[in-house]
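One structure below.
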Amino acid sequence: MKFARFLSGISLTLFLGFPVACDAGQADPKGFDTSIPQDNLAASLATLEAKVQSWVDSGAVVGAEYLIIKGDEIVLHGARGLRDREKGHSMVINTIFDIQSMTKPIVATGIFRLATEGRLDIDDKVSKYLPSFEKHSTTIRQLLSRTDGFTRMPITPLSFPSLMVAVNELGRLGPDSPPGSVYARNSSATITLGAIIESVTGVLLPEYLSETVLSDLKMTDNTYVSLAPDSPWRARMSSVYLRNGAQFQLVRNTAAPTIFRFFPGAAGLYSTPIDYAKFLRLWLNRGRIGAVQYIDEKYVNEALTLEPLSMMVSTSYGQTPYGLHWDLGPSVLRPGTGIASFGHPGASGTIGWVVPEKELIILYFTQSGGGTTHYQFVEEAIKLLAN
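If you're matching positions, the sequence shown starts at 9 in this note's numbering and goes up one per residue.
In structure tokens:
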């Protein structure tokens, strides 16, 4: 079954509240209570854990950490396989992962926070904040929906000294298609959103996110690409692997230098499943942190509404309907309506997915790139727990 099809038929109402409360019999140091999952869940959870173990045993993945929150309980949190194959280190709970493109929705949330504060409008032209785009009609909304007209990435961010210098070159080159005419899954939109944040706030993108979204959500297990060689974060990180034929090849061990000269926003955040669950909880709560409407609810609605142009593109796992920096469940194929589910993957095998009506958050983190076990885990979890 294709990943993009398994979500059809799930109810469309967005969940209004989400009190995360417990872990499946394992103590977690990040402030969540613990309890044992209900007996009627035990068989389904055992099936999921057996599935992950079978992937480890068959070589479909080097190692993985997985977390499932249903209702008010963390009903499953475990780890299987290895986080460092060469050293024989086991994958453990609260390993730190390079989440790559799962960084994108966090950057977009920074934009929505600024819009909520009245510091920008998502229908503004990009040129209002970035003069290098003055010859182009691109809007912030088009960046959020990835319809900015850049069907390919015309620059190599690694070759630039800073985010702003890289994005200024993007603006100088301009999109290769009219903005608003085509949807494309590349990184140009997100790095431009990051530059807009820097222009509006006057601080670097990682500083802004650390002082706002990550801090306000108490996401304490996050770090950025600019890790020092002796950083204590490295002791908890997983090595990164990429499938090469039938084997996984080591791409980057935990001592390797970081590949970016700056934090690009389209990737570059390291996190844990527990911390990313706190971020997903913000969106399940319709943009609220406690009593504070952190993201205006109208932006939540718009972000979780289908961008029709996204239905013109298929990936290796099928169609992926898109909103404003969120992948959407495909059961609704027209704009202006609710959606069944949402989430985002990362290129090395991480994924966070939410089925609001079923009060279900699914996270599966691996660093075994080129595989599909992260999509399979989400599919299996929804099949077992959301029906």
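Glycine is no exception: its CB is placed at the ideal position from the N, C-alpha and C atoms.
DSSP on residue i, reduced to helix/strand/coil?
i	result
Q34	Confidence at Q34 is low in this model, with a pLDDT of 36, below 50, so its placement is unreliable and the value that follows should be read with caution. Here Q34 sits in coil by DSSP.
S98	strand
H382	helix
F256	strand
Y232	coil
S356	coil
E125	coil
M172	helix
R180	helix
L392	helix
Y216	helix
A264	coil
I163	coil
E206	helix
F271	coil
F158	coil
Do you know offhand how far residue i's Cα is from residue j's?
i	j	result
L368	G71	23 Å
M110	G273	10 Å
E310	T381	30 Å
G67	V386	19 Å
Q375	D132	38 Å
A355	P139	32 Å
L201	V115	7 Å
W241	G360	22 Å
L288	V362	8 Å
T313	K306	11 Å
L371	R149	28 Å
T117	P237	30 Å
T280	I104	5 Å
N176	F141	8 Å
L90	A263	16 Å
Y74	P187	38 Å
N102	P329	31 Å
Would residue i be called buried (16 or more neighbouring beta carbons within 10 Å of its own) or exposed?
i	result
I130	buried
P45	Any answer about P45 is weak, because its pLDDT of 49 lies below 50 and its placement is not dependable; what the coordinates show is given next. That one is buried.
T55	exposed
V100	exposed
M245	buried
E125	exposed
G210	exposed
I267	exposed
V172	Residue 172 is actually Met in this sequence, not Val. That one is buried.
M227	buried
E94	exposed
Checking the sheet assignment: what are the DSSP bridge partners for residue i?
i	result
Q301	R296
W361	G351 and I370
I104	M245
T147	K133
Y330	D335
Y74	G86 and Y372
R251	F256
Y278	D106 and T231
D92	H97
E387	Answer is none; E387 lacks a bridge partner.
G377	L250
E81	K78
So does residue i have its beta carbon nearer than 8 Å to some heavy atom of the ligand FAD?
i	result
I359	With respect to the ligand FAD, the structure shown offers nothing to examine, as it has no ligands at all.
Contact criterion: CB-CB distance below 9 Å. Does residue i meet it with respect to chain B?
i	result
H382	Of the protein chains in the structure, only one exists, and it is not chain B.
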